[in-house]
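Have a look at the structure below, then the notes.
In the UniProt record's numbering, the protein residues as written are 1 to 389.
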């Protein structure tokens, strides 16, 4: 397999931020959809137009509620509809200002049924963690919508149909990678924490550097990089003896974090991520923002071949829709070596990027279980994880 040149493309101009400006967090489309659904459910129950609504954010161990203004609320025979306008804060987001609309109506069968309306995409390809043909509403927003509606109405007593729509969503989706990923007809309803943080900005880059500096000031020598909340949670489970300060959500700034760590004299680093980011790192791309790099399917096909995959599987992986899809193909074929090879290549690229000044390990976690699916040599032996087999 040919070695890739390690590189760190610059951030796109649209991501630049004015120095010194404090960036605001915002709310995900999932949070706004849940708020709209709850407002519509309350209107259906009471027969009254709703002006404000609150929802619980999906954070374990603590309860945080946020309140939204209801932009519009209408009632009809057996249905109610509400609109919440998305505020993305200072994150550069094509859905900022989108009108997340929920229509809640009665249905004969018990339970809550969730459907897509105008401007919400439909999944047409595998590898996205959703069934083909399903609305492009991710698992956490689905849960948020369900429990938010259930705070008002019990769908087991009387069935409910919740339709989520986003007027203009199909046009918004043209500015995203949705079509390339097989999400057609509109945007995706996203979110894992309910909160939009300005990850891919100069301010986030500065916060990554600050986190490294804090560790160095405390004499800490081991650090752990993850790309977001889910992978950080997995990393903390793997390395429970490390202090919280050792863990950094780097977003797309892996390369910058490594350079800073090497400069500050840190010694050992772990990168814990999922298939997509690890594939880009294995290809030598340190800036993993989607506008600056794409997943290298030839690299994934080469890994499949190296892991002993048959020619048919190699071709399937070469045509995979996403890195996640490739991983799912490996898993279905029982090709357990492939994720380990991917992690090995990623660790080698990261080590090369800092010219060997850091001892770096890479661990890939499963999308659903967050359990290790692959690791560079010796990485898991340094963690608390033990093979259940």
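All residues carry an ideal CB built from backbone N, CA and C; glycine is no exception.
Q.
So, for residue 80: in the same chain, excluding its five sequence neighbours on each side, which residues have a beta-carbon less than 6 angstroms away from its beta-carbon?
A. Working through the chain shown from its first residue, we reach residue 80 at position 80. Same-chain partners within the cutoff: 40, 43, 44 and 104.
Q. So is residue 84 buried or exposed if we call it buried at 16+ other beta carbons inside 10 Å?
A. If you number the chain shown from 1, residue 84 lands on position 84. Per the 10 Å Cβ criterion, buried.
Q.
Given this structure, state the Cα-to-Cα distance separating residue 216 from residue 225, to the nearest angstrom.
A. Within the chain shown, the letter at position 216 stands for residue 216. Within the chain shown, the letter at position 225 stands for residue 225. Each residue's Cα considered, the two are about 15 angstroms apart.
Q: Give the straight-line distance between the Cα atoms of residue 361 and residue 188, rounded to the nearest whole angstrom.
A: Here the question's residue 361 lines up with position 361 in the chain shown. Here the question's residue 188 lines up with position 188 in the chain shown. C-alpha separation (whole angstroms): 33 angstroms.
Q) Any idea if residue 260 is buried or exposed, counting beta-carbon neighbours within 10 angstroms, 16 or more meaning buried? A) Position 260 of the chain shown, counted from the start, is the residue given in the question as residue 260. Burial call: buried.
(Q) Buried or exposed, going by whether 16 or more other CB atoms sit within 10 Å of the CB of residue 308? (A) Numbered from 1 along the chain shown, position 308 holds the residue referred to as residue 308. By the neighbour-count rule (16 or more Cβ atoms within 10 Å), residue 308 is not buried but exposed.
Q: Count the other CB atoms, across all protein chains shown, that sit within 10 Å of the CB of residue 381; report buried if there are 16 or more and exposed otherwise.
A: The count along the chain shown starts at 1 and reaches residue 381 at position 381. The residue in question, residue 381, is exposed, as its Cβ has fewer than 16 Cβ neighbours within 10 Å.
Q. Where does the unbroken beta strand (DSSP E) through residue 222 begin, and where does it stop?
A. Stepping through the chain shown from its first residue, residue 222 is reached at position 222. Where residue 222 is concerned, the enclosing beta strand (DSSP E) stretches over 222-226.
Q.
Using only the alpha-carbon positions, how far apart do residue 297 and residue 281 sit?
A. Numbered from 1 along the chain shown, position 297 holds the residue referred to as residue 297. Numbered from 1 along the chain shown, position 281 holds the residue referred to as residue 281. Whole-angstrom Cα-Cα distance: 13 angstroms.
**Q.** Inside the stretch 287-346 only - alpha helix (DSSP H) runs reaching at least 4 residues
**A.** 297-306, 311-318 and 323-333
**Q.** residue 208 - partner residues in DSSP beta bridges
**A.** Along the chain shown, read from residue 1 onward, the residue named residue 208 stands at position 208. Partner(s): none; residue 208 has no beta bridge.
Q) Can you tell which of 241, 277 and 185 has its C-alpha closest to the C-alpha of residue 228? A) The sequence position of residue 228 within the chain shown is 228, counting from 1. If we check each option's Cα against that of residue 228, 277 comes out closest.
Q: Report buried or exposed for residue 131, applying the criterion of at least 16 other Cβ atoms within 10 angstroms of its Cβ.
A: For the purposes of this step, residue 131 is taken as residue 131 along the chain shown, with counting starting at 1. Exposed.
Q. How many angstroms separate the CA atom of residue 97 from the CA atom of residue 350?
A. Translated into positions along the chain shown, residue 97 becomes position 97. Translated into positions along the chain shown, residue 350 becomes position 350. Approximately 38 angstroms, taken between the alpha carbons.
Q.
So for residue 353, helix, strand or coil by DSSP?
A. The count along the chain shown starts at 1 and reaches residue 353 at position 353. Looking at residue 353 - three-state DSSP - the assignment turns out to be helix.
**Q.** residue 148, DSSP secondary structure in three states
**A.** As a first step, residue 148 must be located in the chain shown, where it is residue number 148. Of the three classes helix, strand and coil, the one that applies to residue 148 here is helix, per DSSP.
**Q.** Residues bridged to residue 101 (per DSSP)
**A.** What you label residue 101 is simply residue 101 of the chain shown in a count that begins at 1. DSSP, once it has assigned bridges, lists 83 and 165 as partnering residue 101.
Q) Helix, strand or coil: how does DSSP classify residue 276 here? A) As a first step, residue 276 is located in the chain shown; it is residue number 276 there, counting from the start. Correct three-state label for residue 276: helix.
Q. Any idea if residue 140 is buried or exposed, counting beta-carbon neighbours within 10 angstroms, 16 or more meaning buried?
A. Here the question's residue 140 lines up with position 140 in the chain shown. With 16 or more Cβ atoms within 10 Å of its Cβ, residue 140 is classed as buried.
Q: Can you grab the Cα-Cα spacing for the pair residue 72 / residue 300, in whole Å?
A: Counting from 1 along the chain shown, the entry for residue 72 is found at position 72. Counting from 1 along the chain shown, the entry for residue 300 is found at position 300. Rounded to whole angstroms, residue 72 to residue 300 spans 48 angstroms at the Cα level.
Q) Using DSSP with H/G/I as helix, E/B as strand and the rest coil, what is residue 374? A) Here the question's residue 374 lines up with position 374 in the chain shown. DSSP places residue 374 in strand when its eight states are reduced to three.
(Q) With a threshold of 6 angstroms on Cβ separation, who are the neighbours of residue 366 within its own chain once the five nearest residues in sequence on each side are excluded? (A) Translated into positions along the chain shown, residue 366 becomes position 366. Hits under 6 angstroms: 373.
**Q.** residue 398 (DSSP reduced to helix, strand or coil)
**A.** With the chain represented from 1 up to 389, any question about residue 398 goes unanswered, as that position is not in the structure.
Q | N- and C-terminal bounds of the alpha helix (DSSP H) containing residue 73 | A | Position 73 of the chain shown, counting from 1, holds the residue named residue 73. Element bounds for residue 73: not the alpha helix (DSSP H) but the beta strand (DSSP E), 72-76.
(Q) In whole angstroms, give me the CA-to-CA distance for residue 37 and residue 126. (A) Stepping through the chain shown from its first residue, residue 37 is reached at position 37. Stepping through the chain shown from its first residue, residue 126 is reached at position 126. Roughly 28 angstroms between the two C-alpha positions.
**Q.** residue 138 versus residue 186: straight-line alpha-carbon distance, rounded
**A.** The sequence position of residue 138 within the chain shown is 138, counting from 1. The sequence position of residue 186 within the chain shown is 186, counting from 1. Answer to the nearest angstrom: the Cα atoms are 14 angstroms apart.
Q: Pick helix, strand or coil for residue 153, following the three-state DSSP scheme.
A: Numbered from 1 along the chain shown, position 153 holds the residue referred to as residue 153. If DSSP states are grouped into helix, strand and coil, residue 153 belongs with coil.
Q) Once you ignore the five residues that flank residue 94 on each side, which residues in its own chain have a CB closer than 7 angstroms to its CB? A) Within the chain shown, residue 94 is the residue found at index 94, counting from 1. Within the same chain, residue 94 has close Cβ partners 172, 175 and 176.
(Q) Per the DSSP calculation, residue 54 is bridged to which residue(s)? (A) To locate residue 54, count along the chain shown from 1; it is residue 54. Beta-bridge pairing links residue 54 to 67.
Q. What number of angstroms, rounded off, separates the C-alpha of residue 35 from the C-alpha of residue 143?
A. For the purposes of this step, residue 35 is taken as residue 35 along the chain shown, with counting starting at 1. For the purposes of this step, residue 143 is taken as residue 143 along the chain shown, with counting starting at 1. Taking the straight line joining both Cα atoms gives about 12 angstroms.
Q. Just the Cα atoms here: how many angstroms apart are residue 134 and residue 179?
A. Locating residue 134 in the chain shown gives position 134, where the first residue counts as 1. Locating residue 179 in the chain shown gives position 179, where the first residue counts as 1. Their backbone Cα atoms lie some 15 angstroms apart in a straight line.
Q) Can you check whether the CB of residue 86 is closer than 9 angstroms to the CB of residue 46? A) For the purposes of this step, residue 46 is identified with residue 46 of the chain shown, where counting begins at 1. For the purposes of this step, residue 86 is identified with residue 86 of the chain shown, where counting begins at 1. Contact: no.
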